[in-house]
Each structure stands twice: as structure tokens, then as C-alpha cells.
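Okay, so here's the structure we're looking at.
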Amino acid sequence: MSLSLEDVRHVATLARLGMNEDELTNMQQQLSSILGHIEVLNELDTDAISPTAQVIALTNVMRADEVVERFDQETALANAPQHRHGFFSVPAVMGNDEGGSA
Amino acid sequence: MSLPNDLTLLTAAESRKLLDNHEISSVELTHAYLTRIQEVEPKIHSYLHLMTDVALSQANAADKRIEHGQIDDLTGIPVALKDILCTTDAPTTAASKILDGYMSPYDATVVTRLREQGAVFLGKTNTDEFAMGSSTENSAFGPTINPWGENRVPGGSSGGSAAAVAAREATISLGSDTGGSIRQPAGFCGVVGLKPTYGRVSRFGLLPFASSLDQIGPFARTVEDAAIMLRAIGGHDPMDSTSVPIEVPNYEAAFRQDLAGVKIGVAKEYSVDGMEPGVDAAMKAALQQLQDLGAELVPVSLPHTEYALATYYITAPAEASANLARYDGVRFGNRIEGDNLIETYMRTRGEGFGAEVKRRIMLGTYALSSGYYDAYYVKAQKVRTLIKQDFDKAFESVDAIVAPTSPTVAFELGSRTDDPYAMYLADVFTIPANMAGIPGISLPCGFSDGLPVGMQLLGKSFDETNLLSIAHAYEQAANVYQELAHI
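If you're matching them up, the sequences are chains A and B in order.
Start counting at 1 in the first sequence, then tack on 726, and there's your number in the working numbering.
Start counting at 1 in the second sequence, then tack on 21, and there's your number in the working numbering.
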């Protein structure tokens with residue numbers, strides 16, 4: 727399995743990982759190589775096998791829907807890179823290049 | 022128990038007796054470790070954050086508890102915590118720049134349980150960034166060095182916790198194991214490392230890597246100490262819906278001295294090209310020792326073992342890519358501002374994560390992306406079923422399975438950092454247990470050119486009792502655990 731640089735760029739955008747051209751080229755080679763090793767799975771016929779997502783026998787673990795105070799607002803915001811008026815604060819969601827109105 | 026001149030030579034069980042008899046105090050014991058840490062830490066770098074003030078105040082409180090007879094197994098015992106477990110009184114960074122300086126507003130459940138027991142926290146230990154790696158070289162804050170050889174890695178990802186116990190910088194430590202991150206470094210550092218059954222220990226407050234595989238467990242010098250720690254941290258927790266409500270038994274009560282009537286499986290699949298001859302030799306001697314103790318060695322087949330590594334490198338990165346989406350520089354962690362929100366995400370994550378973490382997020386995102394989901398992710402989940410069925414079938418005829426922990430001993434620093442897949446191969450024998458959810462323990466079984474060789478025992482789900490009992494009988498007979506790193 728060989729990935730193109732365009733594939734890598736697309737996945738990096740999906741994953742919100744900013745990388746320079748050198749990193750993307752490295753990533754292209756390394757991911758292609760790792761995916762090559764992973765192709766060994768195609769040796770197995772798994773058509774009749776059901777998938778395992780988790781290994782414990784519990785299903786639908788429920789709890790009472792009770793309000794419990796764990797942190798106050800100050801504690802919840804203490805690690806925020808930026809906050810204002812009790813909210814997490816972020817740069818404009820709609821940048822100019824997105825074509826949206828601010 | 023006679024009093025050694027260096028208190029860091031004591032196991033937790035030995036310290037317990039001396040503390041309860043008032044022959045030593047927790048403050049003395051803690052000071053012995055703090056002195057030892059000052060001495061060896063410049064060479065080893067097990068710790069990312071020392072908790073000296075917290076430790077001394079906990080030791081004082083523990084001494085008062087002991088005076089009043091309010092004694093639990095770990096009251097006054099100095100322990101170390103992998104820096105991927107949330108603590109309110111020391112930073113929690115997962116050895117990542119993106120979390121540099123992060124202070125958790127809550128404790129992990131295992132941390133809460135240790136506090137309730139009155140344990141002493143010496144500090145937070147080094148790890149591969151977000152537990153992704155096999156050598157602790159992926160830490161953003163520099164590697165840990167194996168106490169057995171200054172140019173050798175300690176293994177990983179919990180390399181700091183393994184080295185801390187091997188270098189006697191803590192009595193017991195906690196790590197996490199997603200594909201071998203407790204057992205493999207335990208093997209490389211010549212200590213005991215236990216990955217409990219998935220669901221045995223609450224993962225609440227463990228920074229998640231691959232949620233269907235992650236499990237917290239102890240490093241210790243003896244199987245007994247590992248059992249003591251598992252009893253302290255194990256059991257159901259309402260904060261983790263995947264922790265299973267099954268009673269945590271008294272493991273030490275089931276310890277035995279011989280293995281008469283015990284059937285131990287030996288799988289031919291746990292022998293691969295590139296196995297180090299010294300590892301083979303130590304394993305042969307260990308198998309003989311198990312037989313001498315009365316165990317019957319039974320050939321078993323785990324035919325899908327060779328597919329476990331590939332299955333893991335789809336499943337774990339896929340889960341990681343979702344879990345690590347939370348590090349976006351909005352609610353916590355470091356932010357690197359861009360022109361708009363998307364740019365801010367891209368820069369924060371692109372510059373905050375190291376190379377291996379990015380590689381795994383990329384791999385996982387790709388495996389889950391439109392058009393590839395069935396070919397990779399679902400395929401891996403189906404092969405996971407086959408791996409689990411292999412173990413289910415084997416355990417119909419044996420009580421445990423024995424295998425080397427790793428194909429080699431600790432490798433040289435820098436020798437695998439340029440080849441991600443060569444690094445991944447270090448976990449080839451430990452990954453299958455995580456895929457099946459079963460418990461596994463690594464314990465020292467000999468040496469190859471002066472470096473420790475780890476023997477791995479795998480057990481049935483939630484049957485840590487048998488696993489620890491077999492491990493204990495072997496350990497006491499083989500006596501390899503008494504050899505300490507000369508550091």
C-alpha cells in the first residue's frame with residue numbers, strides 16, 4: 727500500500743495536524759511502509775468472523791442521572807489557554823479564507 | 022526481618038512489618054528514597070516531576086496513622102506514578118509538550134485509592150509521549166536510561182516507572198500497558214511488571230491512548246509487592262463503566278511453593294526470527310525450573326499470533342486518533358495561535374505533538390477515514406476475534422501460558438528511532454494479551470550479556486490469582502529477582 731503526498735495531506739487536514747513539507751514527505755514514506763506490513767492481514771479470510779470492539783462482557787452500563795458538583799467554574803477554566811467572562815475563548819471560527827462572514 | 026543499612030533495599034512487604042513494629046518510620050523510609058533519587062537520578066532520569074514536599078507530608082501523616090493503628094497495606098510506602106495518571110498536586114504531562122505544565126483538577130481513581138491507603142508519592146515518572154513507544158525515547162523531556170546499562174533503553178512506554186523500581190528510586194510504581202508498556206520495560210529493567218485483566222483496574226484519570234486496550238498495573242521487585250498493589254488499586258469504580266464488578270481476592274493467600282498439577286502452555290508461535298540466543302537460553306532454563314517445581318509443560322498453538330502486531334497497529338492508532346482529538350488548545354493544554362480556529366488547531370497539534378504521536382494519529386485517522394474503514398479498522402477487529410479465540414481455546418487445556426516478554430534484551434539508545442516498525446517489533450510478544458484482554462506478568466528469569474531477560478506468564482481473564490501464584494513460586498525458586506542493578 728503506497729500513499730500519495732496528496733493522501734497524506736488530506737489525512738493531516740482531517741486530523742488537524744499542521745506539518746511542513748519535510749514532515750509530510752517523511753510521513754508518506756513511513757505510513758506507506760507501516761501499511762505494507764499491515765497488509766499481512768489480507769492473508770486471512772474473515773468473511774464469517776464477527777468483529778471484536780471490546781473484550782468484557784458488560785453491555786449498556788447505566789447509572790442514575792444525578793447532578794453532582796465536581797468543579798466550580800474557576801477550576802474548570804483554570805487550564806484554559808484563554809478564557810473570558812466565564813467562557814473558553816478561541817480565535818474567530820470563520821476566518822476570511824473560509825468565505826464566511828465574521 | 023533485619024534492618025538493612027540502606028532502606029531502599031526493602032520490599033513493600035518487608036517495610037510493612039518494620040513500619041508496624043516501629044523499627045522504621047515512613048519519614049525515614051521516604052528520606053532514604055529521596056537521597057537515593059538525588060544520587061542516581063542524574064544518570065537514570067526516571068522522574069519528570071519530583072513530589073518531595075507532598076511525599077514528606079504524606080510520610081508524616083502515615084506515621085501518625087501507624088501510631089493510631091489505622092494501617093493499610095501501603096500506608097507509608099513510597100511509590101512512583103507514571104506521568105499519565107492525573108494528580109492534583111503535581112503536573113500531569115504524558116511527557117508531551119502539549120500538556121507541559123498541565124495541572125489536573127482531579128485525581129485518577131488509582132491515585133485516590135493510594136491516597137486513601139496512606140501511600141507516599143515520590144513523583145511522576147517518564148514515559149513515551151502519551152504512552153506511545155517502546156523505549157521511552159519518545160518523551161518530549163528526554164529519555165530514561167536503563168539502570169543495567171548506560172547506553173541501553175529501559176523499554177517503554179512506562180520506562181520511567183520500570184527504571185525507578187530497578188534503580189531503587191521507589192518501592193513500587195504504577196504504569197499503563199496498551200500493547201506491552203508495563204511488561205516489556207519490566208523485562209528490560211529486570212523487575213516484575215503486571216498488566217491486569219482489562220476491566221480489573223479503573224482507567225478513570227488515566228490519559229487515554231487506546232481505550233479498549235489500556236490497563237493500569239504495577240512494577241515491583243517481587244510478585245508479592247505487585248499483588249499488594251493490585252489489591253490496592255483493583256476493583257469496580259463507578260467512574261469507569263468498563264471496570265468490572267468482580268471481587269478482588271487476596272492474591273497472596275493463594276501463593277504456593279510448588280507447581281504440582283499446574284499445566285503451563287508453551288506456544289511455538291512465541292519464537293521468531295531474530296530472537297536473541299541469550300533470551301532463548303534464559304527461557305530454556307526457566308522452563309526447566311517450572312518443570313522442576315512440578316508444572317507440566319503442554320504444547321499449545323496460538324496460530325494468529327503473527328497477525329497481532331498488524332491488528333494492534335490499526336486498532337490502537339484508530340482509538341488514539343479519536344482520544345487525542347481533545348488536545349486542541351481550547352479547554353486545556355498549550356495553544357499556538359493561528360489566524361483562525363482551524364489554523365490554531367493545526368499549529369497547536371502540529372507543534373505540540375512529537376513525531377511518533379503524529380504518526381499514530383495519522384495512521385488511525387487514515388484507517389478510520391471514508392473508504393478505508395472496512396479494509397483496515399473492521400478487518401483488524403475481526404482478526405482480534407481470532408486472536409481472542411486462540412487464547413480461549415488454549416486456556417481450555419492449560420492454567421497459564423509462558424513466553425519470553427520480548428525477543429531481545431534492552432537495545433541501545435537511538436538504535437531503533439529511525440525505523441518505526443523495528444521499534445514496534447519490540448512488543449511482538451506482549452501485544453496479543455492486550456488484544457484478548459487477558460492478564461500478563463513479566464518477571465526476571467536470567468541475563469544475556471549482563472542485561473535482564475524477562476519471562477512472561479499469561480493467564481485467564483480475571484484469574485490473576487493463579488497467574489500471581491505461579492509467578493511467585495517460580496520467582497522464589499529461581500531467585501533471579503535478588504540480583505540488583507549496580508547503580
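Yeah, the Cβ is synthetic: ideal placement off N, Cα and C, and Gly gets one too.
All values reported here derive from a predicted model rather than from experimental measurement.
At least one CB of chain A closer than 8 Å to the CB of N159 (chain B): is that the case?
Proximity of N159 (chain B) to chain A, defined by a Cβ-Cβ separation below 8 Å, is not satisfied.
Let's see if you can read the secondary structure: which residues bound the beta strand (DSSP E) around I422 (chain B)?
First-last of the beta strand (DSSP E) with I422 (chain B): 421-425.
Measuring straight from C-alpha to C-alpha, what distance separates G471 (chain B) and A184 (chain B)?
For G471 (chain B) and A184 (chain B), the distance between alpha carbons rounds to 16 Å.
Our contact map puts S179 (chain B) next to G196 (chain B) with C-beta atoms below 8 Å; I'd like the distance itself, whole angstroms only.
Between G196 (chain B) and S179 (chain B) the Cβ distance is about 3 Å, and since that is below 8 Å, they are a contact.
For the beta strand (DSSP E) that contains H70 (chain B), what are its first and last residues?
Taken as a continuous stretch (DSSP letters only), the beta strand (DSSP E) holding H70 (chain B) covers 68-71.
Work out the CA separation of R368 (chain B) and N746 (chain A) for me, nearest whole Å.
N746 (chain A) and R368 (chain B) have their C-alpha atoms roughly 11 Å apart.
Tell me where the alpha helix (DSSP H) around C210 (chain B) begins and ends.
Residues 204-210.
Alpha carbon to alpha carbon, how far is H507 (chain B) from A307 (chain B)? Give it in angstroms, no decimals.
If I take the Cα positions, the gap works out to 23 Å.
From B:V351, B:S482, B:D360, pick the residue whose C-alpha is nearest to that of F412 (chain B); which is it?
Distance check between F412 (chain B) and each of B:V351, B:S482, B:D360 places B:S482 closest, using alpha-carbon atoms only.
Taking Cβ positions only, does V794 (chain A) come closer than 8 Å to chain B?
It does not; no Cβ of chain B falls within 8 Å.
Grab the span of the alpha helix (DSSP H) containing S197 (chain B) for me, first residue to last.
For S197 (chain B), there is no enclosing alpha helix (DSSP H); the enclosing beta strand (DSSP E) has its first and last residue at 193-198.
Determine, using beta-carbon pairs with one atom in the stretch 32-42 of chain B and one in the stretch 252-267 of chain B, whether at least three such pairs fall under 8 Å.
Taking 8 Å as the limit for Cβ pairs, the verdict is that the stretch 252-267 of chain B does not touch the stretch 32-42 of chain B.
Could you give the first and the last residue of the continuous alpha helix (DSSP H) run that contains V48 (chain B)?
For V48 (chain B), the uninterrupted alpha helix (DSSP H) segment begins and ends at 47-65.
Just confirm the distance between the C-beta atoms of T426 (chain B) and Q205 (chain B), as a whole number of angstroms; I'd bet it's less than 8 Å.
That pair is a contact at about 6 Å.
Check whether the stretch 359-367 of chain B touches the stretch 393-410 of chain B, counting contact only when three or more Cβ pairs, one atom from each stretch, lie closer than 8 Å.
The answer is no - the stretch 393-410 of chain B does not touch the stretch 359-367 of chain B, with fewer than three Cβ pairs under 8 Å.
Considering only residues of the same chain and omitting the five flanking positions on each side of M176 (chain B), which have a CB-CB separation below 8 Å?
It should be pointed out that residue 176 (chain B) corresponds to Gly in this sequence rather than to Met. If we look at G176 (chain B) and ignore the five residues flanking it on each side, its Cβ neighbours are S155, S156, T157, N167, A183, Q205, P206, A207, G208, F209, C210, S427, A431, A447.
Boundaries of the beta strand (DSSP E) in which L478 (chain B) is found, first to last residue:
Unbroken beta strand (DSSP E) run through L478 (chain B): 472-480.
At 3 residues or longer, what runs of the beta strand (DSSP E) sit wholly inside the stretch 217-245 of chain B?
Annotation note: the stretch 217-245 of chain B contains the following uninterrupted beta strand (DSSP E) runs of length 3 or greater, listed N- to C-terminal: 236-241.
Which same chain residues, not among the five before or five after E824 (chain A), have their C-beta less than 8 Å away from its C-beta?
Only weak support exists for where E824 (chain A) lies, its pLDDT of 47 falling under 50; the value from the coordinates is given anyway. Counting only Cβ-Cβ distances below 8 Å, and skipping sequence neighbours, we find nothing.
With 9 Å as the limit, tell me which residues of the stretch 728-747 of chain A have their beta carbon closer than that to any beta carbon of chain B; keep them in chain order.
Cβ contacts with chain B come from L729, D733, V734, H736, V737, A738, T739, L740, A741, R742, L743, G744, M745, N746.
Pull up the CB-CB distance for P338 (chain B) and A388 (chain B), whole angstroms please, since I reckon it's below 8 Å.
Taking the Cβ atoms as the reference, P338 (chain B) lies roughly 7 Å from A388 (chain B), within the contact range of under 8 Å.
What does Q756 (chain A) reach in chain B if we use C-beta pairs closer than 8 Å?
Among the residues of chain B, those whose CB is under 8 Å from the CB of Q756 (chain A) are R380, P441, following chain order.
Whole-number beta carbon distance between I119 (chain B) and N355 (chain B), since they are thought to touch under 8 Å
Indeed they touch by this definition, with Cβ atoms about 6 Å apart.
For T739 (chain A), the three-state DSSP class (helix, strand or coil)
Helix at T739 (chain A).
Min CB distance V351 (chain B) to chain A below 8 Å
By the rule that beta-carbons nearer than 8 Å mark a contact, V351 (chain B) touches chain A.
Of the residues B:T109, B:R173, B:A115, B:A421, which one's Cα is nearest the Cα of N147 (chain B)?
Minimum Cα-Cα distance from N147 (chain B) among the listed residues B:T109, B:R173, B:A115, B:A421 corresponds to B:A115.
How many angstroms separate the CA atom of P7 (chain B) from the CA atom of T801 (chain A)?
Within the shown structure, residues of chain B are numbered from 22 to 508, placing residue 7 (chain B) beyond reach of any answer.
What are the start and end residues of each continuous alpha helix (DSSP H) run of 4 or more residues lying completely inside the stretch 776-818 of chain A, in chain order?
Complete alpha helix (DSSP H) runs here, min 4: 799-803.
Is the beta carbon of Q756 (chain A) sitting closer than 8 Å to the one on R380 (chain B)?
Yes, the Cβ-Cβ distance between Q756 (chain A) and R380 (chain B) is below 8 Å.
Taking the alpha carbon of E268 (chain B) as the point to measure from, which residue in B:Y445, B:T486, B:E496, B:Y348 has its own alpha carbon closest?
Closest option to E268 (chain B), Cα to Cα, is B:T486.
Kindly indicate which three-state DSSP category R352 (chain B) falls into: helix, strand or coil?
Reduced to three states, the DSSP call for R352 (chain B) is coil.
So which residues of chain A does E358 (chain B) contact, with C-beta pairs closer than 7 Å?
Under the 7 Å cutoff, chain A gives P817.
C-beta atoms of V419 (chain B) and L478 (chain B) nearer than 8 Å:
Against a cut-off of 8 Å, the Cβ pair of L478 (chain B) and V419 (chain B) comes out as no contact.
Nearest-angstrom Cα separation, counted from D439 (chain B) out to I203 (chain B):
Rounded to the nearest angstrom, the two C-alpha atoms are 23 Å apart.
Below 8 Å between beta carbons: does that hold for A101 (chain B) and G144 (chain B)?
Closer than 8 Å, so yes.
Determine the chain A residues that contact P259 (chain B) at a beta-carbon separation under 7 Å, and present them in chain order.
The contacting residues are R789.
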